[in-house]
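Take a look at the structure below.
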Amino acid sequence: MSKSERPNQLFRNLNAKVASIPMILTALVIFVGGSAWTVLYSFTNSKLLPRLNFVGLDQYYRLWSTPRWLISIENLLVYGVLSLVFSLVIGFMLAALLDQKIRFEDTFRTIFLYPFALSFIVTGLVWQWLLNPEFGIQGVVRGLGWESFNFDPLYNSSIVIYGILIAALWQGTGLIMCLMLAGLRGIDEDIWKAARVDGIPMWKTYLFIIIPMMRPVFITALVIIAAGIVKVYDLVVAQTSGGPGIASEVPAKYVYDYMFFAQNLGQGFAASTMMLLSVVVVIVPWAYLEFGGKKRV
Amino acid sequence: MSDHAVSLPAATGAIRLEASGPRGPKPRHVFSRRNIFLYGTLIVVALYYLLPLYVMVVTSLKGMPEIRLGNIFSPPLEITFEPWVKAWSSACTGLNCDGLSRGFWNSVRITIPSVILSIAIASVNGYALANWRFKGADTFFVILIVGAFIPYQVMIYPIVIILREIGLYGSLSGLVIVHSIFGMPILTLLFRNYFSSMPEELFRAARVDGAGFWGIYFRIMLPMSLPIFVVAIILQVTGIWNDFLFGVVYTRPDTYPMTVQLNNIVNSVQGVKEYNVNMAATILTGLVPLVVYFISGKLFVRGIAAGAVKG
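Taken in sequence, the protein lines are chains Y and W.
When the letters of the first sequence are read in order and numbered with our numbering, they come out as residues 65 to 361.
When the letters of the second sequence are read in order and numbered with our numbering, they come out as residues 150 to 460.
Right under this line is the structure:
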């Protein structure tokens, strides 16, 4: 590609450079600059306005001794692990079902994917209504005669995070299913024929042959789900506003509330830096695997 | 020559006729155990996915007395469109009682310029990255892609400061800029991949004919890449319409997008909860992306697949 533009390269590419200014600005000013700024100010005691008054790791000590943050982290871990596992399992199973050369495949796929088009706010509000203890699923089952039936995740602080998980899975599994389906379609038909000739049962073929072959798809899905987990915010705001009490708080909400309501910017910056750190922990091994893998081939 | 050309389709037709005997897999019984399990599972799951939509619609068509007495799954005894009218034109957020219509028009005024601006920037970026690579371009691109994974919370406040400095904090144009910034990584990737997959001879031929950077972009790349533009539009319209975080951070109550206003209406603590109005408002907010989704069909799937798998 670069062969054709050897003469006068600097001058000839001027247009491309000018056209790339928004990208360069975004990359340097917002992504690098903004992140560095936030990390830097997380070491200050900024309250209402950002001030460069360094206090070392104070904000982090305070952060990790605040019950609300600890609950947020615990919720994020529970929600994260479960949504990762369930999204992958449900997504793959739905894709495998759709891959059986069934009729009305498009219809089914459209139905499984439509929640993905809806916003988290809409998703959260619908499920808030469905899980309403008085009128929702619990009310309906009780009305049928099972008086002691209990299903009120949004009003029970020990299980509220599962109520949010239900909504999140309803919204997001369709996307994972689509990724998995694309992966399944990319697998050579001959593999299936060979497995059938050898008399390997279908579930074994999936488990030991197909899934290992779909490793890149699983990694992509994993990264997408993981990136979404850390960002989870709107869903909680819409469904429970963090309640009951502070039982369903998440880190992203902690950041927002401390920056814009509690007027404690330093805490918000420290919390968002922790979020950044958690993403780095996920991304770096993935990047290493991806790029390491490409070099080997 | 012409004789040959005419006889060719006829010959293939004959072959096709001969080969139309027993071919393909063995026909299966419609009600085999496998089919019952397969379709049974799929239908149950499909009903589960459809349930919330059904409940939303049904609830929004009932009156409040009926909701209090009845079952959320039962169809409405008396269909009323009152909740829809109220949700659109007179539901209250705080002291404002002009309904969701304000949020809807705000969202329209946010979404249209954001989609145009973000796609214009990203397509030119992608084109420069695919065909006019300059030294360092790939570095910026990698930063951009890695940046897509940084939680927005990390960059929210610096952007508040920047927007305040240039006097756009709280305005719709400020939000448009924010959407263009955060749409850039995925869109640039999408366009870069698409333009790189186009035959390079095209680009070379245009260069030989003397076309420059913008000439090639507008006269060759743009007309040839309409599908990817449609995919990008679908991606951006749904993404920007559904955004909540940026809306709540970068706008003021009178410029709130629809999602923010919806959340304020439904989760307001004052007053009696009107579940039917809430559900009507929720459907109204979800309607735009749903319409986009159902119209675009396979393109939507291709969009998210392209955006996700190739990443």
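Note that the Cβ used here is the ideal one computed from N, Cα and C, for glycine as well.
No experiment lies behind these values; they were computed from the predicted model shown.
Next item on the list: Please name the residue in Y/354, Y/114, Y/129 and Y/337 whose C-alpha comes closest to that of residue 309 of chain W.
Entry: Y/114
Next item on the list: Tell me where the alpha helix (DSSP H) around residue 321 of chain Y begins and ends.
Entry: 315-324
Notebook entry, point to check: Are at least three pairs of beta-carbons, each pair with one atom in the segment 312-332 of chain W and one in the segment 252-267 of chain W, less than 8 Å apart?
Noted result: yes
Notebook entry, point to check: DSSP state of residue 208 of chain W, grouped into three classes?
Noted result: helix
Item checked: Test item: CB-CB of residue 299 of chain W and residue 340 of chain Y under 8 Å -> yes
Notebook entry, point to check: For the segment 178-196 of chain Y against the segment 229-242 of chain Y, are there 3 or more C-beta pairs whose distance is under 8 Å?
Noted result: yes
Checklist line | residue 433 of chain W, buried or exposed, once every other Cβ within 10 Å from all chains shown has been counted against 16 | finding: buried
Notebook entry, point to check: Looking at chain Y, which residues of the segment 289-304 of chain W have a Cβ within less than 9 Å of any of its Cβ atoms?
Noted result: 289, 290, 291, 292, 293, 295, 296, 297, 298, 299, 300, 301, 302, 303 and 304
Check: Going straight from the alpha carbon of residue 346 of chain Y to that of residue 355 of chain W, what length do you get?
Finding: 44 Å
Check: Any C-beta of chain W sitting closer than 8 Å to the C-beta of residue 264 of chain Y?
Finding: no
Next item on the list: Alpha carbon to alpha carbon, how far is residue 250 of chain Y from residue 194 of chain Y? Give it in angstroms, no decimals.
Entry: 38 Å
Checklist line | DSSP state of residue 285 of chain W mapped onto helix, strand, coil | finding: coil
Next item on the list: Assess, as a yes-or-no matter, whether the segment 401-418 of chain W is touched by the segment 252-264 of chain W under the definition of 3 or more beta carbon pairs within less than 8 Å.
Entry: yes
Check: Enumerated in chain order, which unbroken segments of the beta strand (DSSP E) with a length of 3 residues or greater are wholly contained in the segment 210-291 of chain Y?
Finding: none
Notebook entry, point to check: From residue 66 of chain Y to residue 345 of chain W, what does the alpha carbon distance come to, in whole angstroms?
Noted result: Summary for residue 66 of chain Y: the model assigns pLDDT 47, below 50, so the residue's position carries little reliability; its value from the coordinates is reported in the next sentence. Their backbone Cα atoms lie some 13 Å apart in a straight line.
Notebook entry, point to check: From residue 205 of chain Y to residue 217 of chain Y, what distance separates their C-alpha atoms?
Noted result: 15 Å
Notebook entry, point to check: Using the rule of at least 16 other Cβ atoms within 10 Å of the residue's Cβ for burial, across every protein chain shown, is residue 327 of chain Y buried or exposed?
Noted result: exposed
Item checked: Option in W/204, W/210, W/237 and W/230 with minimal Cα separation from residue 221 of chain W -> W/204
Next item on the list: Spell out whether any CB of chain Y is found under 8 Å from the CB atom of residue 207 of chain W.
Entry: no
Note to self: For residue 271 of chain Y and residue 343 of chain Y, I'd like the C-alpha separation in whole angstroms.
What the structure shows: 29 Å
Notebook entry, point to check: Which same chain residues, not among the five before or five after residue 235 of chain W, have their C-beta less than 6 Å away from its C-beta?
Noted result: 426
Check: What residues in its chain sit with their C-beta under 6 Å from that of residue 211 of chain W, if we drop five residues either side in the sequence?
Finding: 225 and 425
Note to self: Tell me the rounded alpha-carbon separation between residue 272 of chain W and residue 367 of chain W.
What the structure shows: 11 Å
Next item on the list: Taking all protein chains shown into account, decide if residue 171 of chain Y is buried (16 or more other Cβ within 10 angstroms of its Cβ) or exposed.
Entry: exposed
Checklist line | Pick from W/428, W/241 and W/274 that is closest to residue 230 of chain W, judged by C-alpha positions | finding: W/428
Check: Counting pairs of Cβ atoms below 8 Å between the segment 136-154 of chain Y and the segment 221-239 of chain Y, do you hit three or more?
Finding: yes
Next item on the list: Can you pull the chain W residues whose beta carbon is under 7 Å from the beta carbon of residue 241 of chain Y, in chain order?
Entry: Correct list: empty, because the minimum Cβ distance to chain W is about 10 Å.
Next item on the list: Classify residue 171 of chain Y as helix, strand or coil using the three-state DSSP reduction.
Entry: helix
Item checked: Collapsed DSSP secondary structure at residue 449 of chain W in the structure displayed -> helix
Notebook entry, point to check: Within this structure, are the beta carbons of residue 333 of chain Y and residue 105 of chain Y separated by less than 8 Å?
Noted result: yes
Item checked: Proximal residues, the segment 228-256 of chain W versus chain Y, C-beta separation under 9 Å -> none
Next item on the list: Work out the CA separation of residue 349 of chain Y and residue 162 of chain W for me, nearest whole Å.
Entry: Because residue 162 of chain W sits at a pLDDT of 45, beneath the cut-off of 50, its placement in the model cannot be relied upon, and the following sentence gives the value as read from the coordinates. Roughly 56 Å between the two C-alpha positions.
Check: Can you tell which of W/192, W/411, W/449 and W/276 has its C-alpha closest to the C-alpha of residue 96 of chain W?
Finding: In the structure as shown, chain W starts at 150 and stops at 460, and residue 96 of chain W therefore has no counterpart that could be examined.
Next item on the list: Report yes or no: do the segment 76-88 of chain Y and the segment 285-298 of chain W share at least 3 C-beta pairs separated by less than 8 Å?
Entry: yes
Check: Which bits of chain W does residue 343 of chain Y rub up against, with CB to CB less than 7 Å?
Finding: 298, 299 and 300
Notebook entry, point to check: So which residues of chain Y does residue 337 of chain W contact, with C-beta pairs closer than 8 Å?
Noted result: 87
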